[in-house]
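Q: Residue numbers (our numbering): 12 to 91. The beta carbon of each residue, even a glycine, is placed where N, CA and C say it ideally should be. This one's a predicted model, so the numbers in the text were calculated from it and none came from an experiment.
1. Buried or exposed: where does residue 19 fall if 16 or more other Cβ atoms within 10 Å of its Cβ makes it buried?
2. Tell me, which residues are paired with residue 61 by DSSP?
3. Since residue 79 and residue 61 are thought to touch, with beta carbons under 8 angstroms apart, how far apart are those beta carbons, to the nearest angstrom?
4. Output needed for residue 59: all residues of its chain with C-beta closer than 7 angstroms, excluding positions within five of it in sequence on either side, in chain order.
5. So what does DSSP say about residue 52, is it helix, strand or coil?
And the structure:
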């Protein structure tokens, strides 16, 4: 019980920091950034990076950029 709570607490903390980093990078570079879960951890990836990973066959065959947007925990758009 305590172990699950601690794991959830750590995941929420990592997610909060990933959201901040995604928004900061989106504003800095002017690109769309996504927060996805890789290996049980939230990871910040640009939309352009997702497309290159798909081209490198890092995902299954039917995985597309649109599916990445659907399963993203957070989408950061650049603010003007």
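A: With the structure as the only source:
1. Exposed is the call here.
2. Looking at the DSSP output, residue 61 shares a beta bridge with no other residue.
3. Rounded, the Cβ-Cβ distance is 5 angstroms, consistent with contact.
4. Around residue 59: 42.
5. DSSP, reduced to helix, strand and coil, places residue 52 within a strand of the structure shown.
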